[in-house]
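The numbering of the sequence shown is this note's numbering, which starts it at 22 and goes up by one. Working notes for the structure below.
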Amino acid sequence: MKKTIPWGLTWFMALMLVFSINSWGQEQVIYSVGFEDSESFTAGTTYNNTDIHYDGPTGEQWGTFYGTSSTTSPIAGSQSMQMRWYDSAVDNLGYTFTDFDLNNVTKVDFLASSTNGINVAVSYSVDGGNSYVGEEVISITGTDTYTYNISATGEFENVRIKFSIVLPDPIPGGTSR
Numbered sequence: 022m023k024k025t026i027p028w029g030l031t032w033f034m035a036l037m038l039v040f041s042i043n044s045w046g047q048e049q050v051i052y053s054v055g056f057e058d059s060e061s062f063t064a065g066t067t068y069n070n071t072d073i074h075y076d077g078p079t080g081e082q083w084g085t086f087y088g089t090s091s092t093t094s095p096i097a098g099s100q101s102m103q104m105r106w107y108d109s110a111v112d113n114l115g116y117t118f119t120d121f122d123l124n125n126v127t128k129v130d131f132l133a134s135s136t137n138g139i140n141v142a143v144s145y146s147v148d149g150g151n152s153y154v155g156e157e158v159i160s161i162t163g164t165d166t167y168t169y170n171i172s173a174t175g176e177f178e179n180v181r182i183k184f185s186i187v188l189p190d191p192i193p194g195g196t197s198r
């Protein structure tokens, strides 16, 4: 089943998860999201939430800290997931995660963009989001599609994905998304 939902992070992102479906290594999209209103995401303008905000359709919600689905500068469609960092709250780095499990994920392809050199760390959980492993920092060098590999064989039954803002060095002097 394929669903399309855009999401903007501050960096912004749209995403697609794929898994192997046969011994020839062919992949099939198992989930995609754009964070659109038509996909049950509500655009907001409050980006500095310090409680996790859950949004999206029942059974496929995303949790977001310091961010929201937004119509501000979307990178695809009319909305994107945005995560932010403010120099007035230096310890609050935005992140978002799937609050639902996907089976047999091999990789995540995502469209992302950032301001002020912000990068993203991607990781995954196989224990319902209690812990995340396999963190990889991906440099966001422009609006482009990036790939995070989870497993060549897709052996994990229940996978959750997390995206977190990573600050560059030197740290930006203003709000970044």
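Glycine included, C-beta positions come from ideal geometry on N, C-alpha and C.
Out of the options, state which residue places its alpha-carbon closest to the alpha-carbon of residue i.
i	options	result
G80	G55, D120, R105, F56	D120
P189	T166, T162, N170	T162
G175	G84, Y153, A110, K128	K128
S61	P78, N125, T93	P78
S146	Q100, V126, R181, T117	R181
L123	N179, F131, G150, S152	N179
T92	F177, G65, Q49, Q47	G65
Q82	G195, K183, P191, S152	K183
T164	N140, D108, S172	N140
Y52	Y107, F131, Q100, G195	F131
F118	G195, P95, T168, S152	S152
S101	D108, T168, S134	S134
A110	Y167, N69, P191	N69
I96	A173, G150, T166, S144	T166
In the DSSP assignment, what are the bridge partners of residue i?
i	result
I182	Y145
I159	V141
N151	Paired residue(s): none; N151 is not in a bridge.
Y116	F86, S185
Y75	G84
S91	S101
S59	The partner list for S59 (beta bridge, DSSP) is empty, contrary to what the question assumes.
S197	W106
Keeping to the same chain, check which residues put their C-beta closer than 6 Å to that of residue i; ignore five residues upstream and five downstream.
i	result
R198	T31, Q103, R105, T136
I26	Residue placement at I26 is poorly supported in this model, since its pLDDT is 29, which falls under 50; the coordinates still yield a value, given next. Result list for I26: V54, G55, F56, E57, E60, in chain order.
I73	G84, F86
P193	N137
A142	E156, V158, S185, V187
F177	V147
N170	K128
Note down, in chain order, each residue of its chain lying with its Cβ closer than 8 Å to the Cβ of residue i, except the 5 sequence neighbours on either side.
i	result
T71	F86, Y87, N113
Y116	T85, F86, Y87, G88, M104, K183, F184, S185, I186
P191	none
Considering only residues of the same chain and omitting the five flanking positions on each side of residue i, which have a CB-CB separation below 7 Å?
i	result
T67	T89
T63	D76, S90
S160	N140
Can you tell me where the beta strand (DSSP E) with residue i in it begins and where it stops?
i	result
Q103	101 to 104
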